[in-house]
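Before any comments, here is the structure.
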Amino acid sequence: MSKFIVFKSLDDMPDIAVSKARMDWNKTGSWRSSTPRREDKTPPCNFNCPAGEDIRGYLDLLKHGKIKEAFELILQTNPMPLVCGRVCYHPCQSQCNRENFDAAIDIRLMEKFMGEWGLEDYTPPGLPSPGSKKAAVIGAGPSGLSAAYYLRREGVNVTLFDENEHPGGILYYGIPSYRLPNDLLKPELDRILQGIAFRSRKRFGRDFGIGELEKYDAVFLGTGAHKSKVMRINGEDLPGVKSGLDFLKKVNSGEKVFLDGKDVIVIGGGNTACDVARTAYRLGGNVSMMYRRTVAEMPAFAEEIEQLKSEPIKLEFLVAPSRIEKTGDGKLKNLYIRMKLGEPDESGRSRPVPVPGSEFEVMADIVFTAIGEDPDLSFFDSAGKSSGDFDFASVDKRLRDKLFVGGDILPNPRTVPHAVGSGRLAAEKILAFFDGEKIEQPKSIAVVAGPDDINLRYFVKVNLDKRRKNLYGGDGVIGEAQAIEEANRCFSCGVCYSCNNCYNFCPDMAVIKSSNGYQINLDYCKGCGICANECPCGSLRMDEAG
Amino acid sequence: MIEEKGIFSGGEFCGHASCPGCGEKIILRHILDVLGRKTIIVCPAGCAAVTDGIFPHSISPVPFMHTPFDAVASCAAGVRAGLEMSGRSEVTVMVWAGDGATFDIGMGALSAIAERNENILYICYDNEAYMNTGIQRSSATPFGSWTTTTPRGRLKSEPKKDINFILASHKIPYIATASPAFIDDLREKVNKAKEITGLRFLHVLSPCPPGWKSDPKDSITLARLAVECNVFPLFEIENGERIRLSYRSQSLPVTEYLDMQGRFRYLSEEETETIQSRTDEYYKTLNSLHESEQPLRMTMRKE
């Protein structure tokens with residue numbers, strides 16, 4: 012730093028007026044009455060991702076053409092981008108701050124692109140050789156796969172058990188092939204299962220018990236929810252009345268099921284009911300769907316409902332089954348009663364109330380029930396699950412202390428990304444357990460970047476028609492160029508993306524570029540506030556306190 | 004984007020006396036970074052001269068020569084001649100003058116070096132009044148603006164002097180307007196001007212929070228809105244003949260720009276409409292001349 016020069020005598024003075032030193036002795040930071048602070052916020056997409064993906068992060072990498080890095084960033088929190096790109100209900104996208112500007116980033120399409128890229132162009136790095144710690148993962152559905160994958164990545168010796176022949180659980184046996192073809196699923200599962208010992212046709216409680224689990228240091232239980240709820244009506248155990256989930260499993264296992272010209276009734280309004288109805292329609296059935304509330308209360312994802320509506324499936328709302336009878340010609344006579352909506356129940360939705368005297372009958376060949384599923388925890392002597400959360404106290408002592416659970420057993424929403432997230436979290440807990448630590452829930456509350464944090468002057472609205480043609484013209488299949496173009500639209504809400512604005516626009520050279528982002532040199536910052544005002548994504552704020 | 008040369012790595016440029024949110028310092032920073040060390044700044048009286056440093060200190064990483072208000076162009080011509088005689092023709096002589104020295108006081112000397120097509124890069128940071136001495140109006144002050152010499156009730160009734168077309172009539176090789184909000188464009192224009200021999204004139208809008216009565220944090224926003232509202236369009240003129248718009252603006256209403264500044268607080272509705280219609284007219288004319296081969300018409304603005 013230059014010193015302030017004071018001439019003590021005439022002899023010190025130069026012959027002509029010429030500068031001898033710089034001005035940096037003049038710490039103009041003392042002028043400041045407010046101070047810029049770097050404060051990254053949480054983007055709404057990341058905040059809403061049940062799997063905990065850094066969506067903004069991978070879009071930023073994709074933007075710069077770093078596809079491999081982007082893919083690896085996804086793999087850090089979600090081992091199955093291809094699956095999620097197809098079946099996730101993408102709450103990330105519905106909360107995108109760009110929605111009200113022109114159109115939300117099609118994050119799901121981005122993830123699907125990344126997943127497909129990963130199948131073709133990605134070679135995973137070598138795995139660490141398995142160490143001394145052994146973990147058993149029971150259930151090869153989304154949560155079990157996720158837990159197994161993250162344990163194996165950290166060098167844990169993982170054995171994965173599943174009652175079925177193929178891994179994937181609900182992904183393989185539950186989700187219809189028009190949403191997730193098994194030939195696409197398989198290569199992604201192969202990548203996840205690298206280095207993991209998979210034991211098929213091993214059902215916990217039937218083919219092996221707690222005794223066999225003794226040689227494992229930790230056990231993850233992710234057996235999901237497969238037990239169809241009962242309707243508690245007469246005739247539901249008749250041969251023609253079947254579980255919708257079992258039907259999906261049969262179809263997905265490759266069994267031939269013929270419904271040609273048959274009258275099929277699907278009871279329920281959730282995602283399983285939608286899948287059952289649409290699958291039955293594809294197999295030639297005349298399908299009607301019966302739901303006891305209205306379309307607004309359907310628990311199925313909005314997109315599922317939209318697609319359901321676009322197919323010739325008869326939808327009956329505000330009807331509930333009251334009795335099913337077998338007629339002489341082998342048909343099923345269904346008695347229904349009309350409902351009306353009453354007061355909201357504990358789920359916040361209006362409770363359906365029967366309308367007296369409104370019974371009517373419908374004939375059908377087959378009735379599929381899909382009114383919800385419960386976890387089947389019969390392998391534990393006691394129920395294993397009290398109301399709501401998993402009840403560890405009821406589990407056998409030998410298992411209790413090393414048992415971790417995830418997926419649909421937990422009272423989370425029953426979605427693939429929730430299961431993936433809970434599986435990864437359980438893996439983290441298991442790793443901490445191996446190290447003798449315990450993971451505490453983070454106490455800090457995320458500050459989510461809202462639309463007001465974005466400086467819209469730095470973003471240009473897209474031509475929506477052109478975008479639509481570009482993104483969806485190829486039947487939902489996009490190339491690298493389109494993916495990069497779409498990723499480029501990301502606002503990067505609340506997170507610095509090194510745009511250089513704060514650096515470029517500082518009149519006082521008080522913003523310094525460093526390896527960990529921009530730093531403010533408070534010696535010279537006069538607190539004008541340009542940097543915070545011109546930050547496109549709201550990652551800088553002015554602190555009035557100085 | 005013209006790559007950074009890191010000319011300020013040694014702590015230069017920090018500690019200057021410009022007001023918070025000063026546009027002039029943002030612009031100068033980037034210009035010097037593009038021009039590099041082989042540059043001599045010739046600077047008349049004005050904000051840049053007083054904020055550069057206290058004798059014997061300077062923020063400048065290159066020689067910075069102070070000159071009298073009216074003589075900056077002549078002094079620059081002298082520096083140029085001296086460099087040529089000593090065989091240092093690779094050095095860029097850059098004038099760094101405000102609107103007072105350019106539009107008013109130094110206008111005669113500027114016209115003279117333009118007529119002789121001296122090999123000088125003349126850059127005007129235009130904050131649209133004599134800000135350093137206390138916000139007196141200049142011929143660069145826009146119509147309807149408040150200054151201490153055009154107070155409320157006697158707002159400036161004359162439009163801003165159209166300096167670019169005055170210089171275009173001298174047929175100098177390069178003229179360009181620029182805004183600090185469009186840093187890439189500014190840097191590219193400086194780089195282009197650097198490679199041209201003869202008189203090059205850059206006219207850069209320089210937001211001034213104390214003079215414009217605006218919030219310091221809004222300096223860049225204002226520099227951007229000036230362009231987006233067509234109040235300060237970005238264009239280039241080559242050889243006084245060919246005009247090219249460098250940026251197709253969003254043509255926002257001028258009120259978006261005016262309403263953020265206290266100096267336009269006293270505008271009547273009629274005056275605001277006058278500004279809007281003159282702005283539209285000017286931009287229309289620029290558009291009609293854009294990349295056309297015809298020589299420029301001399302009267303650009305209807306009074």
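One line per chain: the protein sequences are A and B, in this order. Position 520 of the first sequence, counting from 1, maps to 531 under this note's numbering, and the rest follow consecutively. Position 144 of the second sequence, counting from 1, maps to 147 under this note's numbering, and the rest follow consecutively. All C-beta atoms, glycine included, are put in the ideal place defined by N, C-alpha and C.
message = Can you tell me whether K344 (chain A) is helix, strand or coil according to DSSP?
response = Here residue 344 (chain A) is taken as the residue at index 333 of the first sequence, counted from 1. Residue state, collapsed to three classes: strand.
ask   = So which residues of chain B does G50 (chain A) contact, with C-beta pairs closer than 8 Å?
value = The residue labelled residue 50 (chain A) in the question sits at position 39 within the first sequence. In the sequence under discussion, the amino acid at residue 50 (chain A) is Glu, which differs from the Gly named in the question. Within 8 Å Cβ-Cβ: nothing; E50 (chain A) doesn't reach chain B, min ~17 Å.
query = If we call anything under 7 Å between Cβ atoms a contact, is V277 (chain A) one with M300 (chain A)?
reply = As a first step, residue 277 (chain A) is located in the first sequence; it is residue number 266 there, counting from the start. As a first step, residue 300 (chain A) is located in the first sequence; it is residue number 289 there, counting from the start. In contact: V277 (chain A) and M300 (chain A) (Cβ atoms closer than 7 Å).
task = Could you tell me which chain A residues have their CB closer than 9 Å to the CB of H293 (chain B), listed as they occur along the chain?
result = Translated into positions along the second sequence, residue 293 (chain B) becomes position 290. None at all; the shortest Cβ gap to chain A is about 21 Å.
request  = Give the DSSP-derived three-state secondary structure of H429 (chain A) in the structure shown.
outcome  = The residue you call residue 429 (chain A) lines up with position 418 of the first sequence. Three-state result, H429 (chain A): helix.
request  = Give the range of the beta strand (DSSP E) segment to which W67 (chain B) is assigned.
outcome  = Your numbering for residue 67 (chain B) matches position 64 in the second sequence. Here the sequence assigns Phe to residue 67 (chain B), which means Trp is not the residue at that position. Per DSSP, the unbroken beta strand (DSSP E) holding F67 (chain B) starts and ends at 67-69.
query = Under the three-state reduction of DSSP, which class applies to D218 (chain A): helix, strand or coil?
reply = By 1-based counting over the first sequence, the position of residue 218 (chain A) is 207. DSSP places D218 (chain A) in coil when its eight states are reduced to three.
task = Could you name the residues that DSSP lists as bridge partners for K337 (chain A)?
result = Residue mapping note: residue 337 (chain A) aligns to position 326 of the first sequence, counting from 1. Beta-bridge pairing links K337 (chain A) to A:L343.
task = Would you mind telling me which residues of chain B sit closer than 8 Å to I16 (chain A), beta carbon to beta carbon, in chain order?
result = Numbered from its first residue, the first sequence carries residue 16 (chain A) at position 5. Ordered by position in chain B, the residues that pass the 8 Å Cβ test against I16 (chain A) are P59, H60.
request  = Kindly list the residues whose CB is nearer than 6 Å to the CB of A437 (chain A), restricted to its own chain and excluding five residues on each side of it in sequence; keep chain order.
outcome  = Indexing the first sequence from 1 puts residue 437 (chain A) at position 426. The beta carbon of A437 (chain A) is closer than 6 Å to those of A158, F231, F415, G417 in its chain, skipping five residues each way along the sequence.
ask   = Applying a beta-carbon distance threshold of less than 9 Å, which residues of chain A neighbour D221 (chain B)?
value = Here residue 221 (chain B) refers to the residue found at position 218 of the second sequence. Here the neighbours are G540, I541, N544.
key: Proximal residues of chain B, C-beta to C-beta of N481 (chain A) below 9 Å   = Against the first sequence, residue 481 (chain A) aligns to sequence position 470. Correct list: empty, because the minimum Cβ distance to chain B is about 22 Å.
message = I need the straight-line Cα distance from N233 (chain B) to K477 (chain A), nearest angstrom please.
response = For the purposes of this step, residue 233 (chain B) is taken as residue 230 along the second sequence, with counting starting at 1. For the purposes of this step, residue 477 (chain A) is taken as residue 466 along the first sequence, with counting starting at 1. Answer to the nearest angstrom: the Cα atoms are 28 Å apart.
message = I'd like to check one pair, I10 (chain B) with P47 (chain B): are the Cβ atoms closer than 7 Å?
response = As a working note, residue 47 (chain B) is residue 44 in the second sequence. As a working note, residue 10 (chain B) is residue 7 in the second sequence. With contacts defined as CB atoms closer than 7 Å, P47 (chain B) and I10 (chain B) fail to qualify as a contacting pair.
key: Pick from A:P136, A:S239, A:E176, A:E131 that is closest to S256 (chain A), judged by C-alpha positions   = As a position in the first sequence, residue 256 (chain A) is number 245, starting the count at 1. Checking the sequence, you will find Leu at residue 256 (chain A) rather than Ser. The residue with the shortest Cα to Cα distance from L256 (chain A) is A:S239.
query = Is K145 (chain A) helix, strand or coil when you go by DSSP?
reply = Mapped onto the first sequence, residue 145 (chain A) falls at position 134. In the structure shown, K145 (chain A) sits in a strand (DSSP, three-state: E or B).
key: Interface partners of S11 (chain A) on chain B, CB under 8 Å   = Residue 11 (chain A) cannot be examined here, being either before or after the span of chain A that is shown, 12 to 557.
inquiry  = Between the alpha carbons of E273 (chain B) and S222 (chain B), how many angstroms are there, rounded?
reply    = If you number the second sequence from 1, residue 273 (chain B) lands on position 270. If you number the second sequence from 1, residue 222 (chain B) lands on position 219. Distance between E273 (chain B) and S222 (chain B), taken at the CA atoms: about 27 Å.
query = So which residues of chain C does D519 (chain A) contact, with C-beta pairs closer than 9 Å?
reply = The structure shown contains no chain C; its protein chains are A and B.
Chain A residues whose Cβ lies nearer than 8 Å to that of T224 (chain B) = What you label residue 224 (chain B) is simply residue 221 of the second sequence in a count that begins at 1. By Cβ distance, chain A contributes R468, N544, E545.
Residue from B:I169, B:G26, B:A79 whose Cα sits closest to the Cα of M520 (chain A) = In the first sequence, counting from the first residue as 1, residue 520 (chain A) sits at position 509. Looking at the Cα atoms, B:G26 is the closest of the given residues.
inquiry  = Are there any heavy atoms of the ligand SAM lying less than 6 Å away from the beta-carbon of C232 (chain B), as far as the coordinates show?
reply    = This structure lacks the ligand SAM, and indeed carries no ligand of any kind.
request  = Could you name each continuous alpha helix (DSSP H) segment of 4 residues or more that falls completely within the stretch 28-100 of chain B, going from the start of the chain to the end?
outcome  = Listed in chain order, they are 50-54, 75-88.
request  = Leaving out five residues on either side along the sequence, give the residues of the same chain with a beta carbon under 6 Å from the beta carbon of G250 (chain B).
outcome  = Walking along the second sequence from the start, residue 250 (chain B) turns up at place 247. Here residue 250 (chain B) is Tyr; the residue named in the question, Gly, does not match the sequence. L237, listed in sequence order.
request  = Report the rounded CA-to-CA distance for G280 (chain A) versus D201 (chain A), giving the unit in angstroms.
outcome  = Translated into the one-based positions of the first sequence, residue 280 (chain A) becomes position 269. Translated into the one-based positions of the first sequence, residue 201 (chain A) becomes position 190. Between G280 (chain A) and D201 (chain A), the C-alpha separation is close to 33 Å.
Cβ of S397 (chain A) within 7 Å of any chain B Cβ = Taking the first residue of the first sequence as position 1, residue 397 (chain A) is located at position 386. Residue placement at S397 (chain A) is flagged as unreliable, the pLDDT there being 48, under the threshold of 50; the coordinate-derived value follows with that caveat. No, S397 (chain A) does not count as interfacial toward chain B.
ask   = Which residues in chain A sit within 9 Å of I169 (chain B), going by Cβ to Cβ distance?
value = Here residue 169 (chain B) refers to the residue found at position 166 when the second sequence is read from its first residue. Near I169 (chain B) there are no residues of chain A at all, since even the closest Cβ is about 29 Å away, more than 9 Å.
key: Where I186 (chain B) meets chain A, residues with beta-carbon distance less than 7 Å   = As a working note, residue 186 (chain B) is residue 183 in the second sequence. Simply N515.
task = Kindly list, in the order they appear in chain A, the residues whose Cβ is closer than 8 Å to that of R227 (chain B).
result = The residue given as residue 227 (chain B) occupies position 224 in the second sequence. Listed by position along chain A, the residues whose Cβ is nearer than 8 Å to that of R227 (chain B) are R468.
request  = Starting from Y535 (chain A), find everything on chain B with Cβ-Cβ shorter than 8 Å and list it in chain order.
outcome  = For the purposes of this step, residue 535 (chain A) is taken as residue 524 along the first sequence, with counting starting at 1. The answer, in chain order, is C17, G18.
inquiry  = Can you give me the C-alpha to C-alpha distance between K449 (chain A) and E6 (chain B), rounded to a whole angstrom?
reply    = Position 438 of the first sequence, counted from the start, is the residue given in the question as residue 449 (chain A). Position 3 of the second sequence, counted from the start, is the residue given in the question as residue 6 (chain B). Rounded to whole angstroms, K449 (chain A) to E6 (chain B) spans 49 Å at the Cα level.
ask   = Within 7 Å (strictly less), CB to CB, does F11 (chain B) reach chain A?
value = Sequence index remark: in the second sequence, residue 11 (chain B) carries index 8 (1-based). Closer than 7 Å: yes.
key: For T282 (chain B) and G101 (chain B), the rounded distance between their alpha carbons   = Walking along the second sequence from the start, residue 101 (chain B) turns up at place 98. Walking along the second sequence from the start, residue 282 (chain B) turns up at place 279. In a straight line, the C-alpha of G101 (chain B) is about 23 Å away from that of T282 (chain B).
query = Anyone know if the C-beta pair for A117 (chain B) and L202 (chain B) falls short of 7 Å?
reply = Along the second sequence, one-based indexing puts residue 117 (chain B) at 114. Along the second sequence, one-based indexing puts residue 202 (chain B) at 199. In this structure, A117 (chain B) lies near L202 (chain B), with their beta-carbon atoms less than 7 Å apart.
ask   = Does DSSP put A117 (chain B) in a helix, a strand or coil?
value = As a first step, residue 117 (chain B) must be located in the second sequence, where it is residue number 114. Secondary structure at A117 (chain B): helix, using DSSP grouped into helix, strand and coil.
inquiry  = Rounding to the nearest angstrom, what Cα-Cα distance links P332 (chain A) and F258 (chain A) in this structure?
reply    = For the purposes of this step, residue 332 (chain A) is taken as residue 321 along the first sequence, with counting starting at 1. For the purposes of this step, residue 258 (chain A) is taken as residue 247 along the first sequence, with counting starting at 1. Using only the alpha carbons, I get a separation of about 20 Å.
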